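Presented below is the structure to which this report refers.
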Amino acid sequence: MLDNQGAAHPVRVALLLDTHTLPRWVATIVTEMQASDAVELVGVVYNNTSATTADRPRSFVGRLRNAWRHLDDVLLQRYLRFDAVRYPAVGPDPFGLVDVASTLSSVPVVYANCRRTAFSDYFDEPALAHLRDLKCDVAVRFGFRILRGAVLTVPRYGVWSFHHGDNSVNRGGPAAFWEVLLGWSATGAVLQRLSEDLDGGATLARTWTATRQISVHQNRVTLFRAAAPLLMRKLRDLYRRGEAALLPRADDVPFVPYSGRLFVTPTPRELIRRLGGVFWRLVKRRWHWSVWREQWQVAVAVDRKRGDSNDVPQSTAFRAKALVPPPDRFWADPVPVVYDGRTFIFLEELLFAEGVGRIAVVELGPDGPLSAPQMALSRPYHLSYPTIFAHEGQWYMMPEMAAHGVQEVYRAVAFPLQWELDRVLTLPEPVCDPTLLHHDGRWWLFAATRPSPESDFIELSLFYGDSPLGPWQPHPLNPVLSDARSARPAGKLFRVGATLIRPAQDCTPVYGSAIVCKRVRVLTVDDYHEETIGRFDPLWRDDLVGTHTINAAGAVTTFDVRVKRRR
Numbered sequence: 136m137l138d139n140q141g142a143a144h145p146v147r148v149a150l151l152l153d154t155h156t157l158p159r160w161v162a163t164i165v166t167e168m169q170a171s172d173a174v175e176l177v178g179v180v181y182n183n184t185s186a187t188t189a190d191r192p193r194s195f196v197g198r199l200r201n202a203w204r205h206l207d208d209v210l211l212q213r214y215l216r217f218d219a220v221r222y223p224a225v226g227p228d229p230f231g232l233v234d235v236a237s238t239l240s241s242v243p244v245v246y247a248n249c250r251r252t253a254f255s256d257y258f259d260e261p262a263l264a265h266l267r268d269l270k271c272d273v274a275v276r277f278g279f280r281i282l283r284g285a286v287l288t289v290p291r292y293g294v295w296s297f298h299h300g301d302n303s304v305n306r307g308g309p310a311a312f313w314e315v316l317l318g319w320s321a322t323g324a325v326l327q328r329l330s331e332d333l334d335g336g337a338t339l340a341r342t343w344t345a346t347r348q349i350s351v352h353q354n355r356v357t358l359f360r361a362a363a364p365l366l367m368r369k370l371r372d373l374y375r376r377g378e379a380a381l382l383p384r385a386d387d388v389p390f391v392p393y394s395g396r397l398f399v400t401p402t403p404r405e406l407i408r409r410l411g412g413v414f415w416r417l418v419k420r421r422w423h424w425s426v427w428r429e430q431w432q433v434a435v436a437v438d439r440k441r442g443d444s445n446d447v448p449q450s451t452a453f454r455a456k457a458l459v460p461p462p463d464r465f466w467a468d469p470v471p472v473v474y475d476g477r478t479f480i481f482l483e484e485l486l487f488a489e490g491v492g493r494i495a496v497v498e499l500g501p502d503g504p505l506s507a508p509q510m511a512l513s514r515p516y517h518l519s520y521p522t523i524f525a526h527e528g529q530w531y532m533m534p535e536m537a538a539h540g541v542q543e544v545y546r547a548v549a550f551p552l553q554w555e556l557d558r559v560l561t562l563p564e565p566v567c568d569p570t571l572l573h574h575d576g577r578w579w580l581f582a583a584t585r586p587s588p589e590s591d592f593i594e595l596s597l598f599y600g601d602s603p604l605g606p607w608q609p610h611p612l613n614p615v616l617s618d619a620r621s622a623r624p625a626g627k628l629f630r631v632g633a634t635l636i637r638p639a640q641d642c643t644p645v646y647g648s649a650i651v652c653k654r655v656r657v658l659t660v661d662d663y664h665e666e667t668i669g670r671f672d673p674l675w676r677d678d679l680v681g682t683h684t685i686n687a688a689g690a691v692t693t694f695d696v697r698v699k700r701r702r
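Given below as structure tokens:
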């Protein structure tokens, strides 16, 4: 962190814990803190007043009476255990317990004897004095209950904590639970600086994931994996930029009104009623897949009044005519290109029997396609989302290949059907749907990234350089957006007058649900800000259930649409 002379010193962090046996997602963060040059763990405060087994009744009658008094919690825990067995996590379970005693063995410890009210904890004076002596910059709450009182103001930058819910629509708990039972399309989480206002403190970082509509456990796993990196990212940002990292950004909301209920553990009647809704959702899903199959198709709209240099899509989708693939495959991610006065559409073609995408191309004539799509590029690994661009007299293709783990660029030997590998880009992590933009004398690469190897691509990262072929410099705010509702690119950026617009995918509640149009307000090597200005929902035909890319070149605008067809 920057001192008064501008020198960087590690951020001094104190941990507030109930025990040294922590859920895996917390233990991973603690281990990263201990190993990071940006963080110095200066102390641990353990909760000395949390409930223990000694507080629980020992007789059978006493346990039965206690269970009856807490029937809401008992039924909820029974359901959550069943759900976790029925829908287990893929990969390491973030809620498995890990002992971090050895990791924290060199960190000073103190025990807080809190004054407890019905829901809140107030630190005693010895614990407060210990915190003051630590001179910590941040205290991170991974234990205790609702913290109130002087502890919130002792650390220089307050007490930080996760709220696993979007605090604009969900305050309370249980985490990632009500979003499933109420059928919400997205589930949010915030890293916040705690205040006396429950879940209403200053927001430090946010993320949204697509709600897993059937399983609370799967929804919790998805959300906690996506939210966990927010803390270390913010601490590194504080280390790098000092107090400026905590100043409100242009897209920060200074006041978050909340008119919803305080969410709490459901009553038995409410739990059963809401679970009936989840079960009915499951029945409808299985019926849907028994009657229908879904197929991605390409839709093309032509406006002959637009010149060859045009790259602004049409603003209406209902005029687009579908190119229907054979039943054994789908076509998606169409990109029109004007080359030597001819119009070609590059697209992803995936045969269901093979399960691996390849890049195909079709020439568009005055009355439609001149032939079936022909193979342009195929590899043993999945290819999709072809970004086609010209640079210094050559044509290049940058297809999406995140499953391959690297990003390759191909050069046209004989456009449009023959391509050879030109180079492999050096990027810090696998990227999805790479999209190029030339802006203010620089080249920019917009791409989707993911918060963890087990997560979906729900974050937007930026890279900049002097050439579309690299080398690429990561933006210091990466990821600039963590939001399954609009992070992933949905086609080329384009300008309408002075307005720069970025098409983005809404991947909630499922991948490829709609296209969101974002106005880019700020794009510099230090900052990024965008705002939503509209969207394309798949409403212009009754058989549509999704759309997720839009591109234009010359007279042609292309969409892709997910169509339901009877089996």
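Okay, so the sequence shown: first residue is 136 according to my numbering, each after it adds one. Glycine included, every Cβ here is placed at the ideal spot set by N, Cα and C. Since the structure is predicted, the reported quantities are computational estimates derived from the model, not experimental observations.
Which class does residue i belong to by DSSP, given the choice of helix, strand or coil?
i    : result
W427 : strand
A189 : Note that A189 scores 42 on pLDDT, short of 50, meaning its location in the model is unreliable and no value can be drawn from it.
A149 : strand
P588 : coil
Y393 : coil
I480 : strand
D372 : helix
P565 : coil
D468 : strand
T156 : strand
E665 : strand
I593 : coil
M168 : helix
If contacts are defined as beta-carbon pairs under 8 Å, then residue i and residue j qualify, I think. What distance do you get, rounded to the angstrom?
i    : j    : result
D618 : T342 : 7 Å
V716 : L518 : The structure shown does not extend to residue 716, since the chain spans only 136 to 702, so no value can be given for it.
Can you have a look at residue i and say buried or exposed, based on whether 16 or more other CB atoms are within 10 angstroms of its CB?
i    : result
P521 : buried
L239 : buried
T187 : Because the pLDDT of T187 is 44, which lies under 50, any placement of that residue in the model is unreliable, and the question is left without a value.
P673 : buried
L206 : exposed
D301 : buried
P606 : exposed
A189 : Its pLDDT being 42, under 50, A189 is placed unreliably in this model, and the value from its coordinates should be taken loosely. Counting Cβ neighbours within 10 Å, A189 comes out exposed, since fewer than 16 surround it.
S590 : buried
F453 : exposed
S394 : exposed
Q553 : exposed
E484 : buried
L458 : buried
W579 : buried
G226 : exposed
K627 : buried
W717 : The structure shown has nothing for residue 717, since the chain only spans 136 to 702.
N248 : exposed
E555 : exposed
I636 : buried
T322 : buried
Just to confirm the assignment, what range does the alpha helix (DSSP H) spanning residue i have?
i    : result
H298 : Careful: H298 lies outside any alpha helix (DSSP H), inside the beta strand (DSSP E) at V294 to H298.
V209 : L206 to R221
K653 : Taken as a continuous stretch (DSSP letters only), K653 belongs to no alpha helix (DSSP H), being part of the beta strand (DSSP E) at A649 to L658.
P261 : E260 to L269
Q353 : V351 to A362
R276 : Per DSSP, R276 belongs to no alpha helix (DSSP H); it is in the beta strand (DSSP E), V273 to R276.
W554 : Segment Q553 to L560 is the beta strand (DSSP E) holding W554; no alpha helix (DSSP H) there.
L316 : W313 to L316
Smallest Cα separation from residue i: which of the options?
i    : options                   : result
R546 : P563, A537, A538 and E527 : E527
A143 : I164, G377 and V470       : G377
V391 : R404, R347, L333 and E405 : L333
L612 : D641, R221, R371 and Y531 : R371
A525 : G442, F550 and A625       : F550
R577 : P603, L358 and N183       : P603
A380 : F671, D662, V696 and H683 : D662
R493 : P508, P501 and P403       : P508
I668 : V286, A690 and A639       : A639
Could you pull the start and end residues of the beta strand (DSSP E) that residue i belongs to?
i    : result
L499 : G492 to G500
V244 : V244 to A247
W607 : No beta strand (DSSP E) contains W607, which DSSP labels as neither H nor E.
Q542 : Q542 to A549
E175 : V174 to N182
R637 : T634 to D641
Y531 : Q529 to E535
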